[in-house]
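Peer 1:
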Amino acid sequence: MVNETGDFDFYPVEHSISCSSTDGKKVEIEWSDGHQSKFHFLWLRDNCPCCIHPETREPLFNVASIDEDQLIDSTSITEEGFLEVIWSKESHVSCFHPGWLRTNCFLDISNKSIPEAVTWDSNTKKKPNSFNWDEIISNPETEREWLFSLVEDGCCITKNVEPSKDGLIQITKRIGVVRETNFGLFFNVEAKTGPDTAAYTEIELPPHTDLPTREYQPGLQLLHCLKNSVKGGESILVDGFRVAEEIRSKEPETFNLLTTVPWDFGNRSTVTDYRWKAPMITLGIEGKIEEVRVGNFLRVPLQVDFELVEPMYKAYKLFETLNQEDRFKLNFRLEEGECLIFDNRRVLHARNSFDSSTGERHFCGCYIERDELWSAIRMLDRRNRQKIINSSSNE
């Protein structure tokens, strides 16, 4: 079957359309596996696969131009198995690919390509999942597991990577575009003379997210270990979503403060002045936790009504206290040639203090947005669907 859809994706036809019917306002479809779908006429007209630019495949039709009394005149199944829709009040016919329709069925929850986050603590997880770089680049299934781990667990370790900036660059190319900040596209994490951030010292760093001072915190952070022979400096991760859920279940009033009243974050630098106000916990659709924003050393004076000062500090204390509890921490040592990747808007990272006189500790880091990760997963799945279609075409 020809891949005639309104996008660049590929849609294997696992189930064919058995029959269709319409009352003018909607189309009901029964599939060969017994599944039933229902599509509104506005949605179908809006997504007509021929009303697009032939090269960009971006929509040209404006759904706002549909007359209120325009309805579906009739539907049928073509010889190729497509759903054909004939529209009233305009000489237009839409043909919908069955694979595309099934993928976009509102009632089929199995079509979700991006997995859900699975929260963890030190009882359910002892160390981030590890993946071998050579296997990632040679086996699409391993690559998929690697990318999925970053969504489900929010972290993983990539082993046997060249211990250099070039090694880190190769990993980024597998995920997406690097986000530049005032620290550059890539930055070196090591003890420096005249540091402009606590990360460039030897001191212990408490659990935090990077750049809570920005309107949009970086999505993923990559920290690639080039050298690590010092005494101390062990890495620590905390699932901020897990901690937030603990507060939600046991201290709902505190959770409400942390999700509705903004804290003030800011950097203290001689050359930049980044500031942002936001709650420490951000909720999305249906109350789902989407982001945590934590950085004790990146706070500026709190600006709230006087009556909220004490409750806010109590809420902050609870969140910080839980982040420091061993039951939420993963403790491990990153070795040369290992790259730690984590969701910076979910997983808090920390480190123990270290002594530079005992050796070297040099990491190379960068940021990539969550969007790039999600795109990489979808593109990997798209290539797999293309292989399935090509394979069936050659049979």
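According to this note's numbering, numbering within the sequence shown proceeds without interruption in unit steps and concludes at 396. A virtual CB, placed ideally from N, CA and C, is assigned to each residue, including glycine. Please read all numbers here as calculations on a predicted model, not as lab measurements.
Helix or strand or just coil, what does DSSP make of LEU331?
Peer 2: Sequence index remark: in the sequence shown, residue 331 carries index 330 (1-based). If DSSP states are grouped into helix, strand and coil, LEU331 belongs with the strands.
Peer 1: Out of SER393, ILE390 and ASN385, state which residue places its alpha-carbon closest to the alpha-carbon of ASN140.
Peer 2: To locate residue 140, count along the sequence shown from 1; it is residue 139. Of the listed residues, the one whose Cα sits closest to ASN140 is ASN385.
Peer 1: For my contact list, LEU221 and ARG371 are in at a C-beta cut-off of 8 Å; report their separation, rounded to the angstrom.
Peer 2: Stepping through the sequence shown from its first residue, residue 221 is reached at position 220. Stepping through the sequence shown from its first residue, residue 371 is reached at position 370. With a Cβ gap of about 7 Å, LEU221 and ARG371 count as contacting.
Peer 1: Given a cut-off of 7 Å on the beta-carbon distance, is the pair GLU235 and HIS363 in contact?
Peer 2: For this step, residue 235 is matched to residue 234 along the sequence shown. For this step, residue 363 is matched to residue 362 along the sequence shown. Contact: no.
Peer 1: Are LYS28 and ASP47 closer than 7 Å when you measure CB to CB?
Peer 2: Working through the sequence shown from its first residue, we reach residue 28 at position 27. Working through the sequence shown from its first residue, we reach residue 47 at position 46. Residue 28 is actually Val in this sequence, not Lys. Cβ atoms of VAL28 and ASP47: not closer than 7 Å.
Peer 1: In the DSSP assignment, find the unbroken beta strand (DSSP E) run with GLY366 in it and report its ends.
Peer 2: Along the sequence shown, read from residue 1 onward, the residue named residue 366 stands at position 365. 362 to 369 is the span of the beta strand (DSSP E), which, as asked, contains GLY366.
Peer 1: To test your reading of the DSSP string, which unbroken alpha helix (DSSP H) runs of 4 or more residues are found completely within the segment 232 to 270?
Peer 2: Counting whole runs of 4 or more residues, the segment 232 to 270 contains the alpha helix (DSSP H) stretches 241 to 251 and 253 to 261.
Peer 1: Going by beta carbon distance, what residues of the same chain come within less than 8 Å of PRO213, once the five residues before and after it are set aside?
Peer 2: Here residue 213 corresponds to residue number 212 of the sequence shown, with the count starting at 1. The answer, listed in chain order, is PHE266, TRP277, ALA279, ARG294, VAL295, GLY296 and LEU299.
Peer 1: Thinking SER33 and HIS16 are a contact (beta carbons under 8 Å), I'd like their distance in whole angstroms, please.
Peer 2: Taking the sequence shown and counting its residues from 1, one reaches residue 33 at position 32. Taking the sequence shown and counting its residues from 1, one reaches residue 16 at position 15. Going by Cβ atoms, the distance from SER33 to HIS16 rounds to 5 Å, so yes, they are a contact pair.
Peer 1: Helix, strand or coil for ILE389? Go by DSSP, reduced to three states.
Peer 2: On the sequence shown, residue 389 is found 388 positions in, with the first residue counted as 1. Three-state DSSP puts ILE389 in a helix.
Peer 1: Pull up the DSSP beta-bridge partners for PHE184, would you.
Peer 2: Looking up residue 184 in the sequence shown gives position 183. Answer by DSSP bridge pairing: none, since PHE184 is not bridged.
Peer 1: Spatial neighbours of SER89 within its chain, please: CB distance less than 8 Å, with the 5 preceding and 5 following residues excluded, ordered by chain position.
Peer 2: Sequence index remark: in the sequence shown, residue 89 carries index 88 (1-based). Only GLY25, GLN71, LEU72, ILE73 and ASP74 meet the Cβ criterion.
Peer 1: Can ASN353 and GLY233 be called in contact, C-beta distance under 7 Å?
Peer 2: For the purposes of this step, residue 353 is identified with residue 352 of the sequence shown, where counting begins at 1. For the purposes of this step, residue 233 is identified with residue 232 of the sequence shown, where counting begins at 1. A contact, by the Cβ cut-off of 7 Å.
Peer 1: Quick check: what's the CA-CA separation for ASN332 versus GLU326?
Peer 2: Here residue 332 corresponds to residue number 331 of the sequence shown, with the count starting at 1. Here residue 326 corresponds to residue number 325 of the sequence shown, with the count starting at 1. Straight-line Cα distance between these residues: approximately 12 Å.
Peer 1: Tell me the rounded alpha-carbon separation between PHE11 and GLY82.
Peer 2: Here residue 11 corresponds to residue number 10 of the sequence shown, with the count starting at 1. Here residue 82 corresponds to residue number 81 of the sequence shown, with the count starting at 1. Distance between the alpha carbons of PHE11 and GLY82: 16 Å.
Peer 1: For ASP222, which residues does DSSP report across the bridge?
Peer 2: As a first step, residue 222 must be located in the sequence shown, where it is residue number 221. First, the amino acid is wrong: residue 222 is Gln here, not Asp. Answer by DSSP bridge pairing, in chain order: PHE343 and TYR368.
Peer 1: What distance in whole Å lies between the Cβ atoms of ILE172 and VAL162, which are believed to be in contact at a cut-off of 8 Å?
Peer 2: Counting from 1 along the sequence shown, the entry for residue 162 is found at position 161. Counting from 1 along the sequence shown, the entry for residue 172 is found at position 171. The pair is a contact, with the Cβ atoms about 6 Å apart (cut-off 8 Å).
Peer 1: MET380: buried (16+ other C-beta within 10 angstroms of its C-beta) or exposed?
Peer 2: By 1-based counting over the sequence shown, the position of residue 380 is 379. Exposed.
Peer 1: Just tell me which of ILE342, LEU349 and ARG347 has its CA closest to the CA of GLY366.
Peer 2: What you label residue 366 is simply residue 365 of the sequence shown in a count that begins at 1. Of ILE342, LEU349 and ARG347, the residue nearest in Cα terms is ILE342.
Peer 1: What span of residues does the alpha helix (DSSP H) with VAL310 cover, start to end?
Peer 2: Residue 310 sits at position 309 when you count from the first residue of the sequence shown. From DSSP, the alpha helix (DSSP H) with VAL310 extends over 307 to 324.
Peer 1: Leaving out five residues on either side along the sequence, give the residues of the same chain with a beta carbon under 6 Å from the beta carbon of VAL94.
Peer 2: If you number the sequence shown from 1, residue 94 lands on position 93. Hits under 6 Å: ILE87.
Peer 1: Pairs of beta-carbons, one from the segment 306 to 314 and one from the segment 111 to 125, closer than 8 Å: are there three or more?
Peer 2: These segments do not touch.
Peer 1: Express the C-alpha separation of GLU361 and PHE107 in angstroms, rounding to a whole number.
Peer 2: Walking along the sequence shown from the start, residue 107 turns up at place 106. Walking along the sequence shown from the start, residue 361 turns up at place 360. Cα to Cα, the separation comes out at about 55 Å.
Peer 1: In terms of residues, what are the limits of the alpha helix (DSSP H) holding ARG103?
Peer 2: Within the sequence shown, the letter at position 102 stands for residue 103. Where ARG103 is concerned, the enclosing alpha helix (DSSP H) stretches over 99 to 104.
Peer 1: Taking the beta strand (DSSP E) that VAL86 belongs to, which residues open and close that run?
Peer 2: Position 85 of the sequence shown holds residue 86. VAL86 -> beta strand (DSSP E) spans 84 to 88.
Peer 1: Around the C-beta of ARG346, are 16 or more other C-beta atoms found within 10 angstroms, so that it is buried, or is it exposed?
Peer 2: Residue 346 sits at position 345 when you count from the first residue of the sequence shown. With 16 or more other Cβ atoms within 10 Å, it is buried.
Peer 1: If you draw a straight line from the C-alpha of GLY155 to the C-alpha of ALA118, how long is it?
Peer 2: The residue labelled residue 155 in the question sits at position 154 within the sequence shown. The residue labelled residue 118 in the question sits at position 117 within the sequence shown. Their backbone Cα atoms lie some 7 Å apart in a straight line.
Peer 1: Which residue wins for smallest C-alpha separation from SER274, given the options VAL244, THR283, GLU216 and GLU321?
Peer 2: On the sequence shown, residue 274 is found 273 positions in, with the first residue counted as 1. What sits at residue 274 in the sequence shown is Asp, not Ser. That would be GLU216, whose Cα lies nearest to the Cα of ASP274.
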